[in-house]
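**Student:** Quick one: the structure is below, questions incoming.
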Amino acid sequence: MSLLHVAVFIPFIFSAGLLASRKLLEQLHRGWLTLPVPLMLFVFFLWHMPQIQEAPIIHSMSWLPSLGINMTLYLDGLSMLFSLLISGIGLLVVLYSIFYLEEEKAAQRRFYAYLLMFMGAMLGVVLSDNLFVLYGFWELTSIASFLLIAFWFQRDRSQYGALKSMLITVFGGLAMFAGFILLYVMTDTFSVREIIAQVDVIKDHSLMVPALILVLLGAFTKSAQFPFHIWLPDAMEAPTPVSSYLHSATMVKAGLYLVARLSPVFAMRSEWFWIVSIGGLVTLLYGSLKAVRQTDLKALLAYSTISQLGLIMCLLGLGSAAGLQTETAVSLFFAQATAAALFHLVNHAVFKGALFMVVGIVDHETGTRDLRKLGGLISFMPVTFSIAVIGAFSMAGLPPFGGFLSKEMFFTSVLNIREMNMWSFESWGVLISVVAWIASVFTFMYSMVLLVRTFGGKHQPELLPKKPHEAPVGLLISPTILAGLALAIGLFPALPAAWLVEPAMNAIHPSVLAAGEQFDIYIRMWHGWTTELFMTIALIVLGTILVYVYKMRGWKLPGSGEKARFTLNRLYDKTLQGSEYASEKLTSLYMTGSIRRYLIYIFLFFVIALGTTMLRLPVFNLDFSANAPVTGYEIAAVIVLALAALAVPFSQNRMASILLTGAVGYMVTLLFVLLRAPDLALTQLIVETVSVVLFLLCFKHLPKLKKEAVKIPFKLTNAIIAAAVGVVVTFIALGVGSNKEFTPISTFFMEESYNLAGGKNMVNVILVDFRGFDTMLEVIVLGIASLGIYAMATLRLGDQAKQPLSGNHLSNLALRREPKTNDVILMTTARVVIFIIVLFSINLFFAGHNAPGGGFIGGLLTAAAIILFVISFGMDAVGRVLPFNYRIMTGIGLLIAVLTGVGAFLFNAPFLSHSFDYFTLPILGETELATAVIFDLGVYLAVIGVTLTIILTVGRER
2 MSLLHVAVFI PFIFSAGLLA SRKLLEQLHR GWLTLPVPLM LFVFFLWHMP QIQEAPIIHS
62 MSWLPSLGIN MTLYLDGLSM LFSLLISGIG LLVVLYSIFY LEEEKAAQRR FYAYLLMFMG
122 AMLGVVLSDN LFVLYGFWEL TSIASFLLIA FWFQRDRSQY GALKSMLITV FGGLAMFAGF
182 ILLYVMTDTF SVREIIAQVD VIKDHSLMVP ALILVLLGAF TKSAQFPFHI WLPDAMEAPT
242 PVSSYLHSAT MVKAGLYLVA RLSPVFAMRS EWFWIVSIGG LVTLLYGSLK AVRQTDLKAL
302 LAYSTISQLG LIMCLLGLGS AAGLQTETAV SLFFAQATAA ALFHLVNHAV FKGALFMVVG
362 IVDHETGTRD LRKLGGLISF MPVTFSIAVI GAFSMAGLPP FGGFLSKEMF FTSVLNIREM
422 NMWSFESWGV LISVVAWIAS VFTFMYSMVL LVRTFGGKHQ PELLPKKPHE APVGLLISPT
482 ILAGLALAIG LFPALPAAWL VEPAMNAIHP SVLAAGEQFD IYIRMWHGWT TELFMTIALI
542 VLGTILVYVY KMRGWKLPGS GEKARFTLNR LYDKTLQGSE YASEKLTSLY MTGSIRRYLI
602 YIFLFFVIAL GTTMLRLPVF NLDFSANAPV TGYEIAAVIV LALAALAVPF SQNRMASILL
662 TGAVGYMVTL LFVLLRAPDL ALTQLIVETV SVVLFLLCFK HLPKLKKEAV KIPFKLTNAI
722 IAAAVGVVVT FIALGVGSNK EFTPISTFFM EESYNLAGGK NMVNVILVDF RGFDTMLEVI
782 VLGIASLGIY AMATLRLGDQ AKQPLSGNHL SNLALRREPK TNDVILMTTA RVVIFIIVLF
842 SINLFFAGHN APGGGFIGGL LTAAAIILFV ISFGMDAVGR VLPFNYRIMT GIGLLIAVLT
902 GVGAFLFNAP FLSHSFDYFT LPILGETELA TAVIFDLGVY LAVIGVTLTI ILTVGRER
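Here our numbering is used: the first residue of the sequence shown is 2, the next is one more, and so on.
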């Protein structure tokens, strides 16, 4: 595992540590524990910056090599730019949060855990070279943002905003994943570098345009491009530090990163140019128009973010015109737009982060963000005002700040695009320039509105919940640093141009320059009396006039009080409501509450689907020539098994049904013994024993069985379906056993179990080595099921606890009180038998790699011993003698199993790869040690935890 992989995983490790430290370090602010993570990451990436100037850093770690999916991380100029933003802005946000959330002590743990999870997911997105891995991190950012936006989950608006962001971005993510699959179909690789290398081959492929559109759906939804922008304003319900981080350097920049990263793949297509450029331009204009109308400071910044994201997206689209050119000089001419996009991306992260923190300070110190109540704060908060001036002026594109330079580059780009000879573009280019200038006027306008309405005008103390005052030093540190950077970038633009923009340009436009050449980006404050400068002067004049008129009208625009009949938000709400209504109506047709009906649906589908396949396709045949002869013992066991199974539907009480079902299971165990499958026999024996106990506990809660006459059609339907399932399963089993078209995989397992895994017990080797991933997922599913049972039982008990305790209720509780056993023989015998069972289970656990046994069987046997203890000494005795939290035991077991798989990465091996060797140990002599035993230990603990969580939960329920 390389340091680059460690950099990605560190935030997740610290996040898990914060969640685990529930009762530890309670007196210490969790922010101080979190702060070193982004600091270390920022220093790490800065340290590698000189190396990036020479060549990218590539580190690969095996994950699923057979599917072409590896954890390959690629640090080049583009990913370095985003990594520095993610870690650097993250460092300042965490520092800001320490003072902003000082009173939220109860929620600090999950806040910083979610923030670190989000940071790690974003680093994974920008560093992943494998599209499959990138998609995994991409969706993880949606999950982490959902948790952060819903941080104050008691509020309805927080829940609404979190759900909206999740639905829209996950929809886009799924579309993007479909696009990735199409790219894989065209190139036979998930590697971004290898896909770029095949661009000349696939650029005219029939799947290119569908892949392009699907990928852009993912990018547009994540970066809040029109019309998918509607989730961003509602995400303002998150705490202000989260808004500052999501909207300046992370969440919304992921879509921009994707467009920039895949530009070398799709820039050869004119569709990419048109969709990205026009989509970004529309978003720029729409966001700036909406921002002016807002009365909430965070809403104003939200729409300004939409506008600025549209500007960067438009520039990336205009820069992609370089890929449509054949001459190098012309390509370089149009590639300047990409440089402008990257430079403005840095500027936007700086000034938007500062402005969000300013808004947080205003809200923190005045108690409101409502512009109608604010005003005159300049005399109370001079430092905050100074920071706001720098941030707002940079956002408006005024000198001497960095925003002025990138805005001038934007004007240059929209003017240059008129030179593009495609589809009479000269006339279209003029229109783009005009729209870009109009949007810039409104950008200036909302920037000035933010300043004037918050810090200028008349102070209205009667409308403020709190008396305003300057923020403490701790809250001012981070925005002051960002404001200083906004000024420094404007005064010294050559530094970010050389260290950030140029390496990123080399990554986005690798085909524009000849081999060995580098981009030379020259940015300066004064470049003469140019058209761009006159456009800037004109927008300042017109913007100032508009702000003055706006103020004279009482900060009201025409139609401000009217509610639009049709809005995208209303369309979203109606669509969601309609979908819920339709799904409820559809579901109510078959979800009737009858378990019998549900089983009929499942079994009918099973019979029809598999039966039709078996009859229509020549995949099943019956060949008994190679079968072993049937012995008399096997015939006798099958007869008893069949009789017990047939007797179940005719039994007259539940106890008899349970015992007959157990008899069926034990006869299956006997068949496994006769067929020489000791592992399966042991597992079946223990599972059947535990299942019988669970049946008894469940039936204890059911009402008394009423003997009613059952109609013939009811019985006949059950009989037909049961017979059909039995016939289909029987023929499938016989057909699979008779099919000799392929060499059975069992041959490979028999030949390689010892050679590759060092185990003589093939069954256990399959479970923990060859199919260890399946085993881990199965145990995880069992763990989730056990927690679900626990949660439902706990909620049910909680509801009962809220009911008034009537006389009848008290008498019922007394009647259902746990009985005390006085069986001396059982209690005495159990002490010895339990000890023997536990010793046997430990022996099975350690011997399982080379003899019958293993973690699964050992865990079940230990659980069975504890169940015997419960039966003998009562449920309350378990808490006194074995005071374990079995839910935590389940979690520990799963964690051990997962960490064992992750440990393979340290040796550059695929996930869950195991190793073994032979060592000479004192007393024991030559002994085999295998890492699979550690994985088996996790399974062992998880199985115990799952089994006992279910048994004790059901058994304790009153």
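The beta-carbon is built from N, C-alpha and C at its ideal position, and this holds for glycine as well.
#1: Rounded to the nearest angstrom, what separates F227 and A437 at their Cα positions?
#2: At what residues does the alpha helix (DSSP H) containing S63 begin and finish?
#3: L476 to R370, Cα distance in whole Å?
#4: Can you have a look at Y634 and say buried or exposed, based on whether 16 or more other CB atoms are within 10 angstroms of its CB?
#5: Sorted by chain position, which residues of the same chain lie with C-beta nearer than 6 Å to E503's C-beta, five sequence neighbours on each side aside?
#6: Please work out which residues of its chain come closer than 8 Å, Cβ to Cβ, to A350, disregarding the five sequence neighbours upstream and downstream, and give them in chain order.
#7: Would you kindly report the start and end of the unbroken alpha helix (DSSP H) that includes Y97?
#8: Quickly, what does DSSP pair E929 with across the bridge? List them, please.
#9: Check whether the Cβ atoms of R946 and T863 sit closer than 8 Å, and answer yes or no.
#10: Assess, as a yes-or-no matter, whether the region 145-161 is touched by the region 118-126 under the definition of 3 or more beta carbon pairs within less than 8 Å.
#11: If you check the beta carbons only, do S407 and L319 fall under 8 Å apart?
#12: Who are the near neighbours of L375 in its chain, counting only those whose CB is closer than 6 Å to its CB and skipping five residues on each side?
#13: Which whole-angstrom value describes the C-beta separation of I790 and I951, a residue pair presumed to lie in contact below a C-beta threshold of 8 Å?
#14: Check Y75 in the structure and name its three-state DSSP category.
#15: Please list, in chain order, all residues of the same chain as V9 whose beta carbon is under 8 Å from its beta carbon, the five residues on each side excluded.
#16: Helix, strand or coil for H60? Go by DSSP, reduced to three states.
#17: Could you name the residues that DSSP lists as bridge partners for S129?
#18: Determine the closest residue to V688 out of R597, A322, S380 and G663, with distance taken between C-alpha atoms.
#19: List the endpoints of the continuous alpha helix (DSSP H) containing F846.
#20: Could you check what DSSP says for D297 in three-state terms: helix, strand or coil?
#21: Thinking V243 and L316 are a contact (beta carbons under 8 Å), I'd like their distance in whole angstroms, please.
#22: In terms of residue numbering, what span does the alpha helix (DSSP H) encompassing M269 cover?
#23: Return the residue from the list Q309, M777 and G69 that minimises the CA-CA distance to T188.
#24: Grouping DSSP H, G and I as helix and E and B as strand, with all else coil, what is S192?
#25: By the DSSP assignment, the alpha helix (DSSP H) with L217 in it spans what residues?
#26: What is the C-beta distance between M72 and M62, in whole angstroms, given that I count them as a contact (C-beta under 8 Å)?
#27: Pair every Cβ in the region 834-842 with every Cβ in the region 908-915, then say whether three or more of these pairs are closer than 8 Å.
#28: With T670 as the anchor, note down where its alpha helix (DSSP H) starts and where it stops.
#29: Put D371 into one of helix, strand or coil per three-state DSSP.
#30: Taking the beta carbon of M592 as the centre, do at least 16 other beta carbons fall within 10 Å, making it buried, or is it exposed?
#31: Rounded to whole angstroms, what is the Cα-Cα separation between L938 and K165?
#32: Just reading off the alpha helix (DSSP H) that S321 is part of, what are its end residues?
#33: Could you tell me if W232 is buried or exposed, where buried requires 16 or more neighbouring beta carbons within 10 angstroms of its beta carbon?
#34: Do you know offhand how far L949's Cα is from V903's?
#35: Excluding the five sequence neighbours on either side, which residues of its own chain have a C-beta within less than 7 Å of the C-beta of Q801, listed in chain order?
**Tutor:** Inspection of the coordinates gives the following:
#1: Here residue 227 refers to the residue found at position 226 when the sequence shown is read from its first residue. Here residue 437 refers to the residue found at position 436 when the sequence shown is read from its first residue. Straight-line Cα distance between these residues: approximately 16 Å.
#2: Here residue 63 corresponds to residue number 62 of the sequence shown, with the count starting at 1. No alpha helix (DSSP H) contains S63, which is instead part of the beta strand (DSSP E) from S63 to L65.
#3: As a working note, residue 476 is residue 475 in the sequence shown. As a working note, residue 370 is residue 369 in the sequence shown. If you take the alpha carbons of L476 and R370, they lie about 17 Å apart.
#4: Your numbering for residue 634 matches position 633 in the sequence shown. Around the Cβ of Y634, a 10 Å sphere holds fewer than 16 other Cβ atoms; the residue is exposed.
#5: Within the sequence shown, numbered from 1, the residue matching residue 503 stands at position 502. Setting aside the 5 residues that flank it on each side, E503 is surrounded in the same chain by F520 and I522, each with a C-beta closer than 6 Å to its C-beta; the list follows chain order.
#6: Mapped onto the sequence shown, residue 350 falls at position 349. Closer than 8 Å at the Cβ level, and outside the excluded window around A350, lie L86, I90, S249, A250 and K254.
#7: Within the sequence shown, residue 97 is the residue found at index 96, counting from 1. First-last of the alpha helix (DSSP H) with Y97: G78 to Y101.
#8: Residue numbering aside, residue 929 sits at position 928 when the sequence shown is read from its first letter. According to DSSP, which records beta bridges pairwise, E929 is partnered with Y919.
#9: In the sequence shown, the residue the question calls residue 946 occupies position 945. In the sequence shown, the residue the question calls residue 863 occupies position 862. The sequence given here has Gly at residue 946, not Arg. Contact flag unset, no.
#10: Touching, yes.
#11: As a working mapping, residue 407 is identified with position 406 in the sequence shown. As a working mapping, residue 319 is identified with position 318 in the sequence shown. Against a cut-off of 8 Å, the Cβ pair of L319 and S407 comes out as no contact.
#12: The count along the sequence shown starts at 1 and reaches residue 375 at position 374. Contacts found: T455.
#13: Position 789 of the sequence shown, counted from the first residue, corresponds to residue 790. Position 950 of the sequence shown, counted from the first residue, corresponds to residue 951. Beta-carbon to beta-carbon, I790 and I951 are separated by about 5 Å, close enough to satisfy the 8 Å threshold.
#14: Translated into positions along the sequence shown, residue 75 becomes position 74. Assigned with DSSP and collapsed to three states, Y75 falls in strand.
#15: Locating residue 9 in the sequence shown gives position 8, where the first residue counts as 1. Within the same chain, L74, G121, L124, G125 and L128 come within 8 Å of V9 by CB-CB distance, once the 5 residues on both sides are set aside.
#16: Position 59 of the sequence shown, counted from the start, is the residue given in the question as residue 60. In the structure shown, H60 sits in a strand (DSSP, three-state: E or B).
#17: Within the sequence shown, residue 129 is the residue found at index 128, counting from 1. For S129, the beta-bridge partners assigned by DSSP are L74.
#18: Walking along the sequence shown from the start, residue 688 turns up at place 687. V688 has its Cα closest to that of G663, out of R597, A322, S380 and G663.
#19: For the purposes of this step, residue 846 is identified with residue 845 of the sequence shown, where counting begins at 1. Secondary structure note for F846: its alpha helix (DSSP H) is the uninterrupted segment V825 to A848.
#20: Counted from its first residue, the sequence shown places residue 297 at position 296. DSSP, read as helix, strand or coil, puts D297 in strand.
#21: Counted from its first residue, the sequence shown places residue 243 at position 242. Counted from its first residue, the sequence shown places residue 316 at position 315. Contact annotation, V243 with L316: C-beta distance approximately 27 Å; criterion of less than 8 Å not satisfied.
#22: Position 268 of the sequence shown holds residue 269. Segment: none, M269 is in no alpha helix (DSSP H) and carries neither H nor E.
#23: The sequence position of residue 188 within the sequence shown is 187, counting from 1. Minimum Cα distance to T188 is reached at G69.
#24: To locate residue 192, count along the sequence shown from 1; it is residue 191. In the three-state reduction of the DSSP assignment, S192 falls in the strand class, which pools E and B.
#25: What you label residue 217 is simply residue 216 of the sequence shown in a count that begins at 1. Note, L217: alpha helix (DSSP H), M209 to K223.
#26: Within the sequence shown, the letter at position 71 stands for residue 72. Within the sequence shown, the letter at position 61 stands for residue 62. Indeed, because the Cβ distance is near 4 Å, the residues count as touching under 8 Å.
#27: Touching, no, given that fewer than three Cβ pairs across the two stretches are closer than 8 Å.
#28: Here the question's residue 670 lines up with position 669 in the sequence shown. Run containing T670: R655 to L675, per the alpha helix (DSSP H) assignment.
#29: As a first step, residue 371 must be located in the sequence shown, where it is residue number 370. Correct three-state label for D371: strand.
#30: Here residue 592 refers to the residue found at position 591 of the sequence shown. Here M592 is exposed. Its C-beta has fewer than 16 other C-beta atoms within 10 Å.
#31: For the purposes of this step, residue 938 is taken as residue 937 along the sequence shown, with counting starting at 1. For the purposes of this step, residue 165 is taken as residue 164 along the sequence shown, with counting starting at 1. Rounded to whole angstroms, L938 to K165 spans 42 Å at the Cα level.
#32: Position 320 of the sequence shown, counting from 1, holds the residue named residue 321. Note, S321: premise wrong, no alpha helix (DSSP H); not H, not E.
#33: The residue you call residue 232 lines up with position 231 of the sequence shown. By the neighbour-count criterion, in which a residue is buried when 16 or more other Cβ atoms sit within 10 angstroms of its Cβ, W232 is buried.
#34: As a working note, residue 949 is residue 948 in the sequence shown. As a working note, residue 903 is residue 902 in the sequence shown. Near 27 Å, if we compare the C-alpha coordinates of V903 and L949.
#35: Stepping through the sequence shown from its first residue, residue 801 is reached at position 800. Note that Q801 has pLDDT 48, beneath the 50 cutoff, so the model's placement of it is unreliable and no number is given.
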